[in-house]
Amino acid sequence: MKPIIQFKNVSVHYERGKSNETAALQNINLEIFEGEYIVFFGPSGCGKSTLLYTIAGLETATEGDVIIRDENLKDMTEKERIHFYRGTIGMVFQAFYLVSHLSAKDNMMLSKMFAGEPRRDRETKAQELMDKFGITPYADRKPSMLSGGQQQRTAIGRALMNDPEIILADEPVGNLDSKNAETVLELLSVINKKEKKTVIQVTHNPKDVHYADRVFYMKDGRIERVVLNTDEARAAHEHHGELSEFEKLEQANPNLTAAQLRAKFIVRTLLVPYDIDTEQKIESAVARYIQKEITEAELVRFIDDPKKGAGLYIQKAKRLGKDIEGIVEEIERIERTKRDARPDAENPFESEAVTIRKHLLDSYQGTMDSRQIHALEQAIEYRIENKITSEEFKEFVSESHAHGGLGLNKATAKKFGKYLEVLLTK
Ligand code: ADP
Ligand code: MG
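In terms of the working numbering, the sequence shown opens at residue 91 and continues consecutively.
Here is the structure:
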């Protein structure tokens, strides 16, 4: 499927060349597909409105390409751009922007885009929308006689008069109480699901993201990560009913204790397959190490010992011993933090994420810039906190940069994901 909106290395600077130059957007890459409900979420000043206005053609990219429906905005004249937008984009703002002396219905019909079209046609269209969205009962009232929610519904109706493919909504419920906010968000969701419009909504409020298929988290002019939000979106991206590696292992070995199971999982993850005999010997030693029955030195000696132990080369045994020690320590650290962290602690797993990231990158051959490193740490934190599934973590690692991922290859994603699962099995 082709994206309806594409950003390629887009930056937007305000006050360019002046002392107060602001980089509102920095090297944004994204793809949005037809029919998606997208939310851009982030704190005030992070660049959400700028991003929306850049899609809307109200702001111009200082660098990079904005491609909408295969049209690069750069290649269009001002006139072409205006014409193009008429049929493509409808906008909704936090401050409704209704004309105060006109009725709700006339506000809807005001749309300049209809210049030259018979009033009858406009009226039919307006009536249709008002019926669909429950505006008809107050069609003749002026904005001052409408609740905030009703005003915003009218403004949404107006945005739809030209039947655009994309609805852009900048903090559409920012001025509304929670009940009205919910009605308006629901309306946007209906427009997305029933009218098949691509909806892009901006918010700083985590309460307002729940209808989104994907949420783009923004910070300091950048997209930090992209999260699949709905069950549907998850289902579409997940492999249904597939058990995790650990669950498979658990099912295949119902008689093992927790320590034995974990030992098996660790050994399977760290070791290229050996003969069953050798693996079992190592596993039982690791289980004893997990339960603190033997030390790391004893574990290494056992793995190395050709007579009583598994008989691996000493170098291999030492490396394995070190890795297992690291993993078991990390598991304990995570569990301790889970147990002891104050409920209101911010990012309680930050330092764990850094340690894990360092470990993962130790054996990673490619290069990563600081932004990727930060994003990886963030994803590790979210995985530890179970905010994302193992599949989502792997997807994030292997997903292209344009899709908000790290852009590493599938094998690396699998390796990273597996290591994390070893740390996180109960
Ligand atoms: P958000 O919508 O997430 O609150 P904005 O896109 O409005 O963020 O702003 C991003 C950054 O760009 C902020 O630092 C803001 O001060 C700055 N900015 C926004 N609009 C302008 C403008 N017209 N001129 C100069 N700076 C601006
Ligand atoms: Mg804003």
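Built from N, CA and C at the ideal position, the CB exists for glycine as well.
Within the same chain, and ignoring the five residues on either side of V299 in sequence, the residues whose Cβ sits closer than 7 Å to its Cβ are V129, F131, T293, V305, N319. Going by DSSP, K500 is part of the alpha helix (DSSP H) stretching over 500 to 514. At the C-beta level, V100 and A151 come within 8 Å of one another.
Annotation for K354 indicates a beta carbon at 7 Å or more from all heavy atoms of the ligand ADP. Listed in chain order, the non-local C-beta contacts of S488 below 7 Å within the same chain comprise G495, L498, N499, K500, A503, local neighbours out to five positions each way being set aside. Here the alpha carbon of E369 sits roughly 7 Å from the alpha carbon of V357. Under the three-state reduction of DSSP output, H449 falls in the helix class. Counting only runs of 4+ residues, the alpha helix (DSSP H) found wholly inside the stretch 136 to 208 occupies 138 to 146, 168 to 176, 194 to 200, in chain order.
Look at H300 here: in three-state DSSP terms it is coil, with no helix or strand label. Distances from the CB of Y104 to the heavy atoms of the ligand ADP include at least one below 7 Å. Within the DSSP bridge table, the entry for P93 names F123 as partners. Pairing Y454 with K484, the inter-Cα distance amounts to about 15 Å. The alpha-carbon of E340 is positioned some 33 Å away from that of S490.
Linking K284 to L142 through their CA atoms gives a straight-line distance of about 23 Å. When C-beta atoms of the stretch 341 to 357 are compared with those of the stretch 163 to 180, fewer than three pairs fall below 8 Å, so the two segments do not count as touching. In this structure, Y301 keeps its C-beta atom at 8 Å or more from the C-beta atom of S268.
By the CB criterion at 8 Å, L115 and A492 fall outside the cutoff. Annotated three-state conformation of K269 is helix, per DSSP. A distance below 6 Å between beta-carbons, with the five flanking residues on each side excluded, links I404 to the following residues of its chain, in chain order: D394. Considering only V102, H173, E105, I158, the residue with the shortest C-alpha distance to Q96 is I158. The way I'd put it, the stretch 181 to 200 does touch the stretch 240 to 260; three or more beta-carbon pairs between them come closer than 8 Å. Distance from the C-beta of S139 to the nearest heavy atom of the ligand MG is below 7 Å. Close CB contacts of G399 within its chain, under the 8 Å cut and outside five residues either way in sequence, are with K371, A375, R391, F392, I393 (chain order). In this structure, E511 sits near S480, with a CB-CB distance shorter than 8 Å. Scanning its chain for C-beta atoms nearer than 8 Å, with the 5 sequence neighbours on each side dropped, one finds around L236 the residues A194, Y228, T244, in chain order.
In the three-state reduction of the DSSP assignment, H103 falls in the strand class. Looking at the DSSP output, V317 sits in a beta bridge with V305.
Contact check for I421 against E442 fails: the beta carbons are separated by 8 Å or more. Using a 10 angstroms sphere on the CB of Q381, the tally of other CB atoms stays under 16, which defines it as exposed.
Ranked by Cα distance from D160, the first of L389, T457, P93, S139 is P93.
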